[in-house]
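> Right, I'll just put the structure down here and ask away after.
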Amino acid sequence: MTDVRVRGALEAVLMVVDEPVSPEDLAVALEQPTEIVLETLRAMRDEYADPDSPRGFELREVDGGWRFYSSRLYADVVGRFIIEGQTSKLSQAALETLAVIAYRQPVTRGQVSQIRGVNVDSVMKTLLARGLVAEVGEFGGALQYGTTTEFLERTGMSSLDELPALAPYLPDLDDIEAR
Amino acid sequence: MTDVRVRGALEAVLMVVDEPVSPEDLAVALEQPTEIVLETLRAMRDEYADPDSPRGFELREVDGGWRFYSSRLYADVVGRFIIEGQTSKLSQAALETLAVIAYRQPVTRGQVSQIRGVNVDSVMKTLLARGLVAEVGEFGGALQYGTTTEFLERTGMSSLDELPALAPYLPDLDDIEAR
Amino acid sequence: MTEPTGFSITLDNFEGPFDLLLSLISKHEMEVTEVALSAVTDEFLAFISAAQGEWDLSEASEFLVVAATLLDLKAARLLPSGEVDDLEDLELLEARDLLFARLLQYKAFKEMSGTLREMLDGPRAAPRNVAMEPHFALLLPELRWSTTPEDLVRLAAKAFSRDDSPEVSLAHLHNPKVSVREQAALVSARLRRSGSLSFRALVADADHLGVVVARFLSLLELFRDRRVSFEQAASLGDLTVRWTGGDDDGDLQVEEFEGGLPLEAADGENVAHD
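Chains as they are written, first to last, in our numbering: chain H, -14 to 164; chain R, -14 to 164; chain V, 73 to 346.
Structure follows, in structure tokens:
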């Protein structure tokens, strides 16, 4: 395959997916080595974002998968077309709970409650309904929760590694847990 | 708006809309004359189809509306991706969503999402693509979904009346309250 | 990232933002016993009165929590530590440390929520999420189907009971909870009708401490929203509440205290604890 065909094939496949796709899955369909696929994806990402002539779409890596998005440069125009059911803002309580889950995942409801000092059942329900957190496992009979790909997409992060460092004066969390 | 910004705004909107959009609607959102929009759309269509460097997406006019599609040039790769990438079994999430729709139909996407406690957008797409559920009406501006004949055939039922009664399977109310 | 609280202090051995003092103590770079907490409190009161009318309720309440913990911590540290042979004393000391660590952790997540809000409210990139073109949908491999109607009913039952569980009434097990939002509506209605009322009158019919607390909290919310003003002739005298919200019946953004307030303040069942 020529470079142009690899690029075209990747664009064509990414037109029909409804979630981020791994370079490995793309490589199988294209019958190309994963490195070539990854290299091309990165080149495409840079090409669309060319500051001299930015495209209205962008290619982003989220959670190790790749997907087309509308560019944030045109969020206002896109907003006029896409009316999302759940644009209402999260309450402060929901945001703080979300922050705890983002940094402590996988975490049980009880652990979140303990950190927040209050019962978090109703707030958890909101976060689950918004698709920002999901059940990710079980520990000692209690469900564990973590953030979703949707959370990454909404915050514009590629992976949880991009979460800003917590406040510098936070004591070592393991110390607290160990007691 | 510069040419690049008009193109960018059009690309941004068209990348994420599900249905073809008319140049008139686009013109309103962009606050540009319809002729400029139409002219730009045609230029974009030609640009993507450039024989020297064809894109994997194409912009097509369908019934007076415009939408991005996967380019037919790469239909073989896309087909391979769909056949190999998709599992031939429904996910647990899809099955649970299907069960909710079966018992609550006609039901909106928002209602399903509320019952399941998670965003069901992509799972619904799978069920629709599989022909197991379909749009059956509208309620308060939201589409309502129900199961299809295909669903009945799959489950070996001749009508929805054969769905087992739900009540015996629901946890005893006293059990819940005692928790 | 650390939001400046705006409150700085000048002590004999420390000068700078309050947050920094907290940070130094937590990193053991400063001994809490060397901090004159009364001076900190005096400075905070001066800070509050200097910014009269402008001060931030959440800042003030946060200061109270932090100062109280520092006080606790200091009291614990001042115990003759070399001679702690009573296991209970030791546990008490550890509990204080733990409390402080928890406080810092809570504060850190609170600050992080501000950053998260910015990230979530920023311009959004919408994902492409369109229906598969029919000729591709046809290519989807044939489903391997092994789901019976019985499987479906079990799955449906599971989904429906999850929906119901958080709403299940526990009224017969615990005292019902008081909603601050509901109390805010009731308090607003009474004040709109009467113009002004004493706090005493506003809570005269409250049959539980929880209701009194909820009405007090709702007044703070109304005050923050500039719907009411307070008048108090003398310290600890009667508090008069005056409606300043006009006829506007607009949305009041009352933040609900999760799960509502317990009717009985001592009802530990309703508050997460370790």
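All residues carry an ideal CB built from backbone N, CA and C; glycine is no exception. On a predicted model such as this, the values are computed, not experimentally measured, just so you know.
#1: Determine, using beta carbons only, whether H:A60 comes closer than 7 Å to chain V.
#2: Is it true that the CB of H:F42 sits closer than 7 Å to the CB of R:M0?
#3: Taking only beta-carbon positions, decide if V:P89 is within less than 7 Å of chain H.
#4: Taking all protein chains shown into account, decide if R:V6 is buried (16 or more other Cβ within 10 angstroms of its Cβ) or exposed.
#5: By Cβ distance, which residues of its chain are closer than 7 Å to R:E9, with the 5 residues on each side in sequence left out?
#6: Could you give the DSSP three-state label for V:H246: helix, strand or coil?
#7: Verify the CB distance criterion: does V:R200 have a CB-CB separation below 7 Å to chain R?
#8: Got a sec: is the Cβ-Cβ distance from R:M(-14) to anything in chain V below 7 Å?
#9: Can you give me, in chain order, the residues of the segment 38 to 51 of chain R that have a beta carbon less than 8 Å from any beta carbon in chain H?
#10: Does any residue of chain V bring its CB to less than 7 Å from the CB of H:T93?
#11: On the DSSP letters alone, give me the boundaries of the beta strand (DSSP E) that V:Q304 sits inside.
#12: Do the segment 68 to 87 of chain R and the segment 224 to 235 of chain V make contact, defined as three or more Cβ pairs closer than 8 Å?
#13: Three-state secondary structure (DSSP) at V:G282?
#14: How far does the alpha helix (DSSP H) with H:P8 in it reach, from first residue to last?
#15: Kindly indicate the opening and closing residues of the beta strand (DSSP E) around R:S55.
#16: Classify R:D61 as buried or exposed, calling it buried when 16 or more other Cβ atoms lie within 10 Å of its own Cβ.
#17: Mind checking the segment 177 to 200 of chain V against chain H and listing, in chain order, the residues whose C-beta falls within less than 9 Å of any C-beta there?
#18: Measure the C-alpha to C-alpha separation of H:V(-9) and R:P36 and round it to an integer number of angstroms.
#19: Determine the DSSP secondary structure at H:G116, reduced to helix, strand or coil.
#20: Just to make sure I have the definition right: I need the residues of chain H whose C-beta is within less than 7 Å of the C-beta of R:S98. Which are they?
#21: Using the three-state DSSP reduction, which class does V:F119 fall into: helix, strand or coil?
#22: So is H:M109 in contact with chain R if we call contact Cβ pairs under 7 Å?
#23: Rounded to the nearest angstrom, how far is the Cβ of R:E135 from that of R:L128, given a contact under 8 Å?
#24: Is DSSP giving V:P221 helix, strand or coil here?
#25: Any beta carbon from chain V within less than 7 Å of H:T140's own beta carbon?
#26: Cα-Cα, which of H:L83, H:E123, H:A12 and H:I21 is closest to V:L188?
#27: Would you mind reading off the limits of the beta strand (DSSP E) that contains H:L44?
#28: Following the continuous alpha helix (DSSP H) through R:Q129, name the residue where it begins and the one where it ends.
#29: Tell me whether R:I123 is buried or exposed, calling it buried when 16 or more other Cβ atoms sit within 10 Å of its Cβ.
#30: Distance, Cα to Cα, R:P165 vs R:K110?
#31: Grab me the residues of V:S268's own chain with a C-beta within less than 7 Å of its C-beta, minus the 5 sequence neighbours each way, in chain order.
#32: Give me the DSSP bridge partner(s) of H:P149.
#33: Tell me which residues share the same chain as H:Q71 and place their Cβ nearer than 7 Å to its Cβ, disregarding the 5 neighbours each side in the sequence.
#34: Determine the contact status of V:A180 and H:L112, defining contact as a CB-CB distance below 7 Å.
#35: Based on the DSSP secondary-structure assignment, which residues constitute the bridge partners of V:R314?
#36: Buried or exposed, going by whether 16 or more other CB atoms sit within 10 Å of the CB of R:E(-4)?
By the coordinates alone:
#1: yes
#2: yes
#3: no
#4: buried
#5: T19
#6: Caution is warranted here: a pLDDT of 41 is assigned to V:H246, below 50, making its placement in the model unreliable, and no coordinate value can be reported.
#7: yes
#8: no
#9: S38, P39, R40, G41 and F42
#10: no
#11: V300 to Q304
#12: yes
#13: helix
#14: P8 to L15
#15: G50 to S55
#16: exposed
#17: Q177, Y178, K179, A180, F181, K182, E183, M184, S185, G186, T187, L188, R189, M191, L192, D193, G194, P195, R196, A197, A198, P199 and R200
#18: 15 Å
#19: coil
#20: A114
#21: helix
#22: no
#23: About 18 Å; that fails the 8 Å criterion.
#24: helix
#25: yes
#26: H:L83
#27: F42 to V47
#28: From DSSP, R:Q129 is part of no alpha helix (DSSP H) but of the beta strand (DSSP E) over A127 to T132.
#29: Checking the displayed sequence, the identity of residue 123 of chain R turns out to be Glu instead of Ile. Looking at its Cβ environment, which holds fewer than 16 other Cβ atoms inside 10 Å, R:E123 is exposed.
#30: Any answer about residue 165 of chain R is impossible in this case: the structure gives chain R only from -14 up to 164.
#31: T312, V313, R314 and W315
#32: DSSP, once it has assigned bridges, lists no residue as partnering H:P149.
#33: The pLDDT assigned to H:Q71 is 42, lower than 50, so where the model puts this residue is not dependable, and the model offers no usable value.
#34: no
#35: V:S268 and V:S301
#36: buried
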